[in-house]
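Be aware that the sequence shown starts at 3, since it is given in my numbering, and climbs by one per residue. A virtual CB, placed ideally from N, CA and C, is assigned to each residue, including glycine.
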Amino acid sequence: MPSKTSTAKYVDSCGYGLEIEFELTGDRFEHVIFGIAGDQRVALLRTIESATDQTQSRFPAFQEIVAQQDREGRDILMLVGKAGDRYWSATVTGETDHKFSLLRFELACRGPQPHSDLCALYEAGSMGELTFANERATCSVIADALIQIIGGVIETSVASGLVPTATVSQWERDILIRPTLAPHVTDSQATRFAYELQMTRRV
Numbered sequence: 003m004p005s006k007t008s009t010a011k012y013v014d015s016c017g018y019g020l021e022i023e024f025e026l027t028g029d030r031f032e033h034v035i036f037g038i039a040g041d042q043r044v045a046l047l048r049t050i051e052s053a054t055d056q057t058q059s060r061f062p063a064f065q066e067i068v069a070q071q072d073r074e075g076r077d078i079l080m081l082v083g084k085a086g087d088r089y090w091s092a093t094v095t096g097e098t099d100h101k102f103s104l105l106r107f108e109l110a111c112r113g114p115q116p117h118s119d120l121c122a123l124y125e126a127g128s129m130g131e132l133t134f135a136n137e138r139a140t141c142s143v144i145a146d147a148l149i150q151i152i153g154g155v156i157e158t159s160v161a162s163g164l165v166p167t168a169t170v171s172q173w174e175r176d177i178l179i180r181p182t183l184a185p186h187v188t189d190s191q192a193t194r195f196a197y198e199l200q201m202t203r204r205v
């Protein structure tokens, strides 16, 4: 029987980092992203794309998860799912280094509908006051650490991937991540976009 939960954790030698936890709710997985600082575990973001209404195909929907590890032993999660006539896939990866942890999402949506309405949507959990500048969100809810949400780049054979493929904005307590529809990762049938959560220790 497929697992109803899946987690991945990226924590440095001092106990600082990021963790993501997926749980099956209704017909799809929702997830929570945590900031870790020793014994402290703070829910930073929680998805609110998990409505079972099939008309909500603009939000990522995943029904299956496969967990693996790369050659360095880092967690990798691969997800697939469907909502309406749109098919979603995603890869969640991460890394950690001295004073730095990264959680990266790379998503693809395929289907006949125009993709200008796609959006990954989060509730801001315990992130506290967010500062928005240069299409990124910043907060300091964990002592001695800076947390940022930014649009990620995707490299292809025709582009170096220096242009972010997503923008980050806020509406009340919600965080909206929208694809930029960058031409090197978008065509009439598919849209790809990426975004990252970064945690940097100040000490």
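Residue i: first and last residue of the uninterrupted beta strand (DSSP E) it sits in
i   : result
A92 : R88 to D99
D72 : Unbroken run through D72: none, as it is neither H nor E.
A63 : Careful: A63 lies outside any beta strand (DSSP E) and carries neither H nor E.
R30 : R30 to A39
E25 : Y18 to T27
S8  : T7 to V13
Coarse secondary structure for residue i, derived from DSSP in three states
i    : result
V205 : coil
V170 : strand
G181 : The sequence as given places Pro at residue 181; Gly does not occur at that position. Strand, per DSSP.
H117 : coil
V44  : strand
V187 : helix
R106 : strand
L164 : coil
V155 : coil
D146 : coil
A85  : strand
T126 : Thr is not the amino acid found at residue 126; the sequence shown has Ala there. It is coil, neither helix nor strand.
R175 : coil
Exposure of residue i, with buried meaning 16 or more beta-carbon neighbours within 10 Å
i    : result
I22  : buried
E198 : buried
P185 : exposed
G153 : buried
P114 : exposed
R204 : exposed
T7   : exposed
R30  : buried
W173 : exposed
L81  : buried
R194 : buried
L79  : buried
T158 : exposed
Presumed contact (8 Å Cβ cut-off) between residue i and residue j, rounded CB distance
i    : j    : result
D119 : R60  : 5 Å
I38  : G19  : 5 Å
V187 : T169 : Not confirmed; about 14 Å, so no contact.
L104 : A92  : Not quite, the Cβ-Cβ distance comes to about 16 Å (not below 8 Å), so this is no contact.
R112 : R88  : 7 Å
V94  : A147 : Wrong, their Cβ atoms sit about 21 Å apart, outside the cutoff.
V155 : A192 : With a Cβ gap of about 17 Å, V155 and A192 do not count as contacting.
Cutoff 8 Å: residue i Cβ touching any chain C Cβ
i   : result
I50 : Of the protein chains in the structure, only one exists, and it is not chain C.
Legend entry - Inter-stretch contact at 8 Å, needing at least 3 Cβ pairs: the segment 86–99 / the segment 169–181: no
Inset, instruction - Flag this pair as touching only if the segment 26–35 and the segment 59–74 have three or more C-beta atom pairs under 8 Å; answer yes or no. - result: yes
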